Amino acid sequence: MTIEQLEHRVARFTNGLTRCSAEVLMYGKCVASKNNLKKDDCLKEFRSLHKCVMAMMKK
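Numbering (full-length UniProt numbering), first residue to last: 1 to 59.
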């Protein structure tokens, strides 16, 4: 993979995160609310964020 391809991929990912701000906020609130975060504590929120970012990266 070239530097240009990597830069393009990072730009798409960043754009995806920007467009999924509601999902980022929900996931962040879930993680921040846990005193002793364990695996899968915020799985629902993570999956929602992941689905949104993947959809935005395809555009």
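Note that beta-carbon positions come from the ideal geometry of N, C-alpha and C, so glycine has one too. Keep in mind that this is a model prediction, so the values were computed, not measured.
Determine, using beta carbons only, whether residue i and residue j come nearer to each other than 7 Å.
| i | j | result |
| --- | --- | --- |
| M57 | G28 | no |
| E7 | L49 | no |
Could you name the residues of the same chain whose beta carbon sits closer than 8 Å to that of residue i, not counting the 5 residues immediately before and after it, in chain order?
| i | result |
| --- | --- |
| C42 | Y27, C30, V31, K34 |
In terms of alpha-carbon separation, which member of the options lies closest to residue i?
| i | options | result |
| --- | --- | --- |
| E45 | T14, A55, K59, L25 | L25 |
| C52 | D40, R19, K38, R9 | R19 |
| M54 | M1, T2, I3, F13 | F13 |
(message) What ranges does the alpha helix (DSSP H) occupy inside the segment 2–45, keeping only unbroken runs of at least 4 residues that lie completely in it?
(response) 3–19, 21–33
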